[in-house]
Structure formats: structure tokens, C-alpha cells
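Protein chains: 2
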Amino acid sequence: MQIACVLFEGLTALDIVGPYEVLRGLPGADVRFVATAPGEYRTDNGRLALVADQALADVPAPDIVVVPGGRGEAGVRDDPTAIAWLQQAHTTSTWTTSVCTGSLVLGKAGILAGKRATSHWTALEVLRDFGAEPTLERVVFDGKVVTAAGVSAGIDMALRLVAEIAGDEIAQQIQLTIEYDPQPPFAAGSPARAPAAMVAFQRERSRFRQPAT
Amino acid sequence: MQIACVLFEGLTALDIVGPYEVLRGLPGADVRFVATAPGEYRTDNGRLALVADQALADVPAPDIVVVPGGRGEAGVRDDPTAIAWLQQAHTTSTWTTSVCTGSLVLGKAGILAGKRATSHWTALEVLRDFGAEPTLERVVFDGKVVTAAGVSAGIDMALRLVAEIAGDEIAQQIQLTIEYDPQPPFAAGSPARAPAAMVAFQRERSRFRQPAT
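Keeping their order, the protein sequence lines are chains A and B.
Going left to right, the first sequence walks through residues 1066 to 1278 as this note's numbering numbers them.
Going left to right, the second sequence walks through residues 1066 to 1278 as this note's numbering numbers them.
As C-alpha cells, this is what we get:
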């Protein structure tokens, strides 16, 4: 089972490393880190580079596609090569997935039209531009398209995907291997649970338009 | 605040990317990915390379040290350069931390003697070899030494560390930014909660010795 993990300049590292660390445990997993061209791609703050071993063109028909988010997603949306690859890959994929604002890239490729989808909570409204129905859930399955909410949600998405593909027991084995028994110190991880002033503050600072209040 | 994220061949990517994605949000965070020599370091399955921009010697006195785990930790324990750097860095660090089997590296450097510490659950017994008290908790603070359990536990550790350093509100802001509102699909993320047969299976396959039953 070939799994294409897409990299680009300005990605958020955890968006892709979370799903990678889970999906690699699928029986027969063949993970490929890909980008427009092979090479090093830096995260949104420039402090970490991840390496794409292959070009998108080298991996034309993966079984699973994972598109992360991060500030650099805007550049991917404007890259005809990346969008054309994604459109083509989606025609043969078993699962096309995104984490965080990676869903905006799926949207630009036309993959979310008429579908329920999620994104980083600050970017949800933008999904409407692509004909999607913004859905404030952590993981959204709609047919073979699976979108996860912000950053850390890719771990939950990938575990659910493994359960769909290989069954609950394999997913549980992986969960035990990565010791995923989360104990967040605060209940601040979603706009529904974080203090209202904090949510408002992050909405104001967001580069995305926010819903009318 | 300088934060040294240590890389090595055969690391587990999520061990270091989880804390990185949290600690980068500290006010004044200056994150450096470091290794014995600058360059690309591959994960334990060889499918992803992360880039160290600097050598350990270039970052001799970080405020925070983060040592990840993964199969490659055995090589780090046998690397006198890495161990000497860690011992020296620990003399001036504000916090010396590890995720997963990264604690075995701290142990080899003599940093855990007489301390409570944790590790990946399959590696806990090995901590005794370094004079540490194995502690089956997700995050263990003992003075300035902070150890996290397996892989995904680094996210929880880093959030607690941010709260200690910069206060609860900053930690909550970061938690909201990475949308860390975990919804694991199963209750299988710790040996205490996973099915007993699954725990036994993973103990049998472990490269580490297991406690007498």
C-alpha cells in the first residue's frame, strides 16, 4: 500500500509527521515523502527541514495521499503542477486525505465540492469557496475523502483510517506502540472549549476571514 | 530561549516533532535542530529524513535540551561525542528533557541517577540500569529533568513545560493553535488500558528486557 506524504515549503511539521507515524504501521505500508521536486523543505518557522525523496511525478498513483497544512499551503494552491498531480492522484487513490489547512489544497483541486470537510478551525470558512460544507469535527470522512482539523488532529485521523483499512486491532496495536493515551494539561484544544477571549484573539490574528459573529 | 532538538540516525520522528511544534510557541523560542554533524538523519524505518542545521558542538549551552527516542538511541548511547555533549549541556541547561527511549540516552549520560523517570513503556525496566526509578506516568518532572513516555507523549510534556516556563495562558494558546483536543478512537494507548494480549505481544517483540511477571 503506497502512501504519499506531500511536502512543501512552509508546511507545519506535525501535520504530516503525525499521520506518518501512524500509517507506517499499516501492514505493507510503503511510505513515500514527495514534493514538486526532491529535496529539503522547511517548516513554516524555517527551523526544521524535512526531505522529499521523490518528485510528485515519481509517485503518480498512491493508494493514500496525505496533504498537510501550514502557511505554505497558499503556495501549493498556486502551483499548477501540484494541483494537477493531486487531481490525477485522486482519480486512482483509495483515500485522499488532508490535515489542517491542507484541506484548502484539496479544495483548490476540486476534491471537496459538495463534501463535508474540516480544516484548522481558523480556516473553516474558506472551505465554502471550494463548494465544501465546513464541519467543525476533528475528523471528517466523506466517501474516500478524509479531512482532519488542525495540526495534532492528523494522529486521530490516521488511527481511524487504519481501523477502516486494516481493522480495529491493527489500529489499537499502533496506538499502543506510539503510546497514544493523551493527557492534555488543559481543555483549550478547540474553539468550543478554549476561553472565549483566546479564541477571539486567534481569530483576529488569523490570515483567513472569520465567520460573522 | 535556545532549544536544542537532537537528531540521530534511526530516530522516531514524532518523538521530536511533537515537542518542536509546541515549544516553538514559547516567547523568544530559538529552536535549533542539532546532531553529531549537520546533515540529514533518517527515521527508524528509513522513510523520512530530518535535517540537522548545526553540529552539537555549535550549540553547547542550550536552555532546553530535547532528546527523542527510536531504535537509533542505542547508537547515541554508544557515541562518546553525543554523551559528552549532553553531559556538558546538562550542566547549564534550564531543562533537560527526553521523549520515549530518549530517556535511555539521558540515563547513559548519568543524568537520571536517583531520579524518577519514564520512557516508552516497553523500555521502562532498562532505566534501572542507570540508577533511575522507572515511573509509569505519561510525563515525569524531577527537578529540571523531564521525561515523557512513548512517542506521542512528547506533546503533553512540551505543553506542561511551556506552562512551567511561560504560564498556563501561553500553554493554552499553543494548545489551541495546534488544535490539541485529542479524540483517540480506542482506549489502547497505554499498557494499563490496552487489551492484555496485545500488551503481552508487544512485550515479547520488544528489544528490551521486560519485568518478571
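Heads up, the beta-carbon is just placed ideally off N, CA and C, and yes, glycines get one too.
Mind checking who residue i pairs with in its DSSP beta bridge?
i	result
A:Tyr1106	A:Leu1115
B:Cys1070	B:Phe1098 and B:Val1131
A:Pro1199	A:Ala1182
B:Val1087	BP columns for B:Val1087 are empty, so no partner.
B:Thr1161	B:Val1130 and B:Val1210
A:Ala1325	Given that chain A is displayed from residue 1066 to residue 1278, the structure contains no residue 1325 of chain A and the question cannot be resolved.
A:Leu1076	A:Thr1108
A:Ala1120	A:Ala1100
A:Val1170	Per DSSP, none; premise fails for A:Val1170.
With a threshold of 6 Å on Cβ separation, who are the neighbours of residue i within its own chain once the five nearest residues in sequence on each side are excluded?
i	result
A:Arg1203	Ala1214, Ala1218 and Asp1221
B:Asp1207	Lys1180 and Arg1181
B:Thr1162	Val1131 and Val1211
A:Ser1271	Thr1187
B:Glu1198	Arg1181
A:Arg1097	Ala1069, Gln1119 and Val1124
Give me the Cβ distance between residue i and residue j, rounded to the nearest whole Å; I'm assuming they're in contact under 8 Å.
i	j	result
A:Trp1186	B:Glu1244	6 Å
B:Val1099	B:Gln1119	5 Å
B:Leu1224	B:Gln1240	6 Å
B:Glu1074	B:Arg1107	6 Å
A:Leu1091	A:Ala1231	6 Å
A:Leu1177	A:Gly1196	7 Å
Do residue j and residue i come within 8 Å of each other at the CB atom, strictly closer than that value?
i	j	result
A:Ser1168	A:Val1130	no
B:Pro1133	B:Leu1088	no
A:Leu1115	A:Leu1151	no
A:Pro1127	A:Ala1154	yes
A:Gly1083	B:Leu1079	yes
B:Ala1173	B:Arg1136	A small correction: the amino acid at residue 1173 of chain B is Lys; Ala does not occupy that position in the sequence shown. Contact: no.
B:Thr1242	A:Gln1267	yes
A:Leu1121	A:Ala1147	yes
B:Thr1183	B:Val1205	yes
A:Ala1228	B:Pro1250	yes
Below 7 Å on C-beta distance, what does residue i contact in chain A?
i	result
B:His1155	Within 7 Å Cβ-Cβ: nothing; B:His1155 doesn't reach chain A, min ~22 Å.
B:Met1066	Here the premise fails: no neighbours, minimum Cβ distance about 13 Å.
B:Asp1128	Within 7 Å Cβ-Cβ: nothing; B:Asp1128 doesn't reach chain A, min ~15 Å.
B:Leu1224	Pro1249 and Pro1250
List, in chain order, every chain A residue whose beta-carbon is nearer than 8 Å to that of residue i.
i	result
B:Arg1258	Asp1246
B:Ala1242	It should be noted that the sequence gives Thr, not Ala, for residue 1242 of chain B. In chain order: Gly1215, Val1216 and Gln1267.
Taking C-beta pairs closer than 7 Å, name the residues in chain B that residue i reaches, listed in chain order.
i	result
A:Ala1253	Gln1237, Gln1240 and Leu1241
A:Trp1186	Glu1244
Ordered along the chain, which non-local residues of its own chain (more than five positions away) have a Cβ less than 8 Å from that of residue i?
i	result
A:Pro1145	none
A:Ala1257	Leu1201
A:Leu1113	Ala1078 and Arg1107
A:Gly1140	Phe1073, Glu1074 and Gly1075
B:Ile1235	Gly1090, Leu1091, Pro1092, Val1227 and Ala1228
Listing by chain order, which chain B residues have their CB less than 9 Å from the CB of residue i?
i	result
A:Ala1228	Pro1250 and Phe1251
Find the residues of chain B that neighbour residue i, judging by a C-beta separation of less than 8 Å, and give them in chain order.
i	result
A:Trp1206	Note on identity: in this sequence residue 1206 of chain A is Phe, with Trp being the wrong assignment. Near A:Phe1206 there are no residues of chain B at all, since even the closest Cβ is about 12 Å away, more than 8 Å.
For residue i, return the contacting residues in chain A, with the cut-off set at a CB-CB distance below 9 Å.
i	result
B:Phe1098	Arg1112, Leu1113 and Ala1114
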